[in-house]
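Notes follow the structure.
Numbering (our numbering), first residue to last: 24 to 964.
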């Protein structure tokens, strides 16, 4: 090929090669035994020229290579690089990878509860740690050249997403930002924002999956392709699946069915039975065996329930499933024993170690947040090594952990989102199935969805074919953020900084479209105004009178209806058991006996919690023997008792005989009574002075005599309707503009009221609050200020602090949590009272928890477990009493330790006296008391 080039072209090509070889990228590429993809090269080249980058690419595509190049550049240039991740497990994994590549002396780790070589030039950390460093003005930031934000799409997370934006906004301008994201549909919009707040940022989007993904549906004994084969055209859903779904949706055979007057023929029934016998949801062991026979293992099966993940492993063990030979079993046992050597035997028994090991030896495991971190890490290691081939996992596994598989199985396309069972989104489907296909190992990846009753192939095709995963900011100012910003920048500059957030950027961008619509509407209003012009006078004034008259008549009609409803409700509240009434309307109109008068208007505590009632809902027995709970809609007019009857004590509303006897007695007693007809009163409009005045003005107006009056009125009606719509749009613009800054203003006003801020000055109280991070930062600060935790033992303090971090997975008001007695119980009660005071203040300053701002009520559900563990009780006893999985227990303990560390740092500023430091001293003791056993030996992070 080079022979065809001219001498000048050969010289130019040689110079280009020499220039490329002199770059940092050339050195970096030699460190890998595979070639880089075009998107990786493009991103690395942009980084080397000094630009920031946003890389959006599918899971498993190798976008972390770009982050590792930032590490390489930092070391080459003698600068620091911070590599941030959203979760500790991912930080641990990245730390191990980088330490292996660059040496343990050059790489450090900082998570909430661990510090390893923190002064190293490369430090892996959770995003919260970096945020806290920025607010504290940490010396560790000196010499920082690069920050890698892995899984940056986490800023959509409604609980923690704000941290990512805080870091991006507050990083020094000299720092180059590397943002790595899953495939998002608005990467360009996010890139535009990064360009605005961070300077020159290159956006690199790659839709290409290095390992192609094939979609399947497993129904009965057969695995179907989701899409028909075909090139160069839009993928069509497999017609076999469509036919099966249609057949299942059709009504099953019923011997009473008639077809054209005849019984359904036996041949039709037999054909239907044969077809239905081919469709069922295969069991979990059956699915794994099927995947094994097809050569589709290793596989991750996503089940949206921890208990179901554990149950799936047990089902496979009971079915006698074995995926490992003797040699692999021995290797598994060797690795497991090595990794768990530090755990005492008595704890292993409590943790279900032997059942877990049995599954691992057979190549089967669960993976979820309820597991001990050490156990989870062993599962991850064995899976990557190919020693575990079937993992049953919750969706938390999809969040960045490096566990690629050949296949991914989804049991259902519905999951519990904390409030209700909802369909998974296209973004969630993409994230989950992104694990399928191991680069450099598999030629193709496979996503398998199990057939379920009511399955829709078209819905699945929509999930599989859509790449809609928009990045939506969840940024909201907090109390801690407010005092830290004011301390560093003052109120005015802080406000300006918050207006640069991605949340405000998105809100302002949406306003642009609404503003254009307002402009178009205003042009339309001018046209309508011209069309309703009348030669006899001011038709706009005439139209206004007509509208005022119509509005007044409507208002009076509504008032009349409201008065009638109120009168009807008042009459219902007077009813007593045994009253005979005539139900005026509705399905159950007619004679009825009141069995129970119902609940008055307001709130009542029902089986679903507090419920709102518009009025009484009497329980009645109708003359037709039906027992029904009536509603206010059945009583459009007031009702009075026609007579009274005694209800036998033996009456049972569920007994047909009881109902029949009492209904018969009712008809005998009152069947002959004719109820009085309710007479309508005189309409309020007839005597209303305002209506009389408006009608007189209308008749006297010059335009009233115009021949084209109704034509003009139609244009006027359009004018007023469009003006009303325009005013609504203007209110929307007003509501979206400066929303973040307005929330900040309300927070600052509350903090000023509570003496945390005085203008641009942060008070001593504010300085304490600045050191407390977390959802209940202000509550923690107030507890320190009021001395609520003074005199508590370390175990009692741990119990109280647990209420600041713990949140029960499922709200359950039925049982009050068990609490430690004595001082701890009194302190917890005082914490709840302080929260009540703060809640009232937030309401006064219009700070709403529904908007993600404000203090939730402290949850006391972990107080007993934290107290017992800090008191030295055994793991078996604590877990049994807490009724909590070991993984959850460890995670909550670590979060309590994290907040105790913050309290230890903040508490000395309470007072200069030695007394004020007892909380700090006991907080440090509580940390030591909690960090033992399973909490201490849960790996490096």
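Where a beta carbon is used, it is the ideal one built from N, C-alpha and C, also for glycine.
Keep in mind the model is a prediction, meaning the values are calculated, not measured.
Can you tell me whether residue i is buried or exposed? The criterion is at least 16 other CB atoms within 10 Å of its CB, across all chains shown.
i, result
"residue 155", "buried"
"residue 111", "buried"
"residue 697", "exposed"
"residue 502", "buried"
"residue 618", "buried"
"residue 85", "buried"
"residue 387", "buried"
"residue 202", "buried"
"residue 29", "exposed"
"residue 869", "exposed"
"residue 176", "buried"
"residue 429", "buried"
"residue 569", "buried"
"residue 956", "buried"
"residue 283", "Annotation note: pLDDT 43 at residue 283 (below 50); position unreliable, coordinate value reported separately. Residue 283 comes out exposed."
"residue 639", "buried"
"residue 728", "exposed"
"residue 54", "exposed"
So what does residue i bridge to, in DSSP terms?
i, result
"residue 512", "DSSP, once it has assigned bridges, lists no residue as partnering residue 512."
"residue 716", "DSSP output for residue 716 lists no bridge partner at all."
"residue 781", "784"
"residue 415", "324, 389"
"residue 246", "241"
"residue 446", "437"
"residue 742", "Paired residue(s): none; residue 742 is not in a bridge."
"residue 111", "The partner list for residue 111 (beta bridge, DSSP) is empty, contrary to what the question assumes."
"residue 645", "615"
"residue 604", "615"
"residue 652", "642"
"residue 960", "None, per the DSSP bridge assignment."
"residue 131", "146"
"residue 667", "602"
Skipping 5 residues on each side, what residues in its chain have a beta carbon closer than 6 Å to that of residue i?
i, result
"residue 79", "204, 206, 207, 210, 228"
"residue 213", "494"
"residue 277", "Any reading at residue 277 must be qualified, since the residue scores a pLDDT of 48, below 50, and its modelled position is unreliable; the value itself is stated next. If we look at residue 277 and ignore the five residues flanking it on each side, it has no Cβ neighbours."
"residue 899", "373"
"residue 975", "Since the displayed the chain opens at 24 and closes at 964, residue 975 lies outside it and no answer follows."
"residue 621", "639, 640, 641"
"residue 151", "186"
"residue 958", "913, 916"
For my contact list, residue i and residue j are in at a C-beta cut-off of 8 Å; report their separation, rounded to the angstrom.
i, j, result
"residue 739", "residue 158", "Contact doesn't hold; Cβ gap of about 58 Å is too wide."
"residue 653", "residue 668", "No, residue 653 and residue 668 are not in contact; Cβ-Cβ is about 18 Å, not under 8 Å."
"residue 307", "residue 391", "In fact, because the Cβ distance is near 15 Å, the residues do not count as touching under 8 Å."
"residue 805", "residue 851", "That belief does not hold up - the Cβ atoms of residue 805 and residue 851 are roughly 14 Å apart, past 8 Å."
"residue 820", "residue 812", "6 Å"
"residue 69", "residue 145", "Contact doesn't hold; Cβ gap of about 21 Å is too wide."
"residue 614", "residue 646", "4 Å"
"residue 795", "residue 925", "5 Å"
"residue 952", "residue 905", "Not really, about 16 Å apart at Cβ, beyond 8 Å."
"residue 969", "residue 188", "As shown, the chain starts at 24 and ends at 964. That puts residue 969 outside it, with no answer to give."
"residue 797", "residue 827", "6 Å"
"residue 436", "residue 414", "Actually they are not in contact, since the Cβ atoms of residue 436 and residue 414 sit about 20 Å apart, beyond 8 Å."
Apart from the five residues on each side of it in sequence, which residues of its chain come closer than 8 Å, Cβ to Cβ, to residue i?
i, result
"residue 263", "247"
Below 7 Å CB to CB, which residues in the same chain sit around residue i once its five sequence neighbours on both sides are set aside?
i, result
"residue 255", "With a pLDDT of only 45 at residue 255, under 50, the local geometry of the prediction cannot be trusted, and the value read off the model is given with reservation. Nothing listed; no residue qualifies."
"residue 90", "106, 171, 173, 201, 203"
"residue 902", "373, 909, 912"
"residue 314", "320, 322, 430"
"residue 540", "752"
Would you mind listing the beta strand (DSSP E) stretches within the region 39-99 that are 3+ residues and don't spill past its ends, in chain order? 75-79
Could you tell me which whole beta strand (DSSP E) segments of length 3 or greater appear in the region 145-206? 145-149, 167-172, 199-204
What beta strand (DSSP E) runs, 3 residues minimum, are completely inside the region 449-504? 468-473
For the region 837-909, list the alpha helix (DSSP H) runs that are entirely contained and at least 4 residues long, ordered along the chain. 846-867, 886-893, 898-905
Beta strand (DSSP E) segments (min. 3 residues) lying fully within the region 341-403: 387-390
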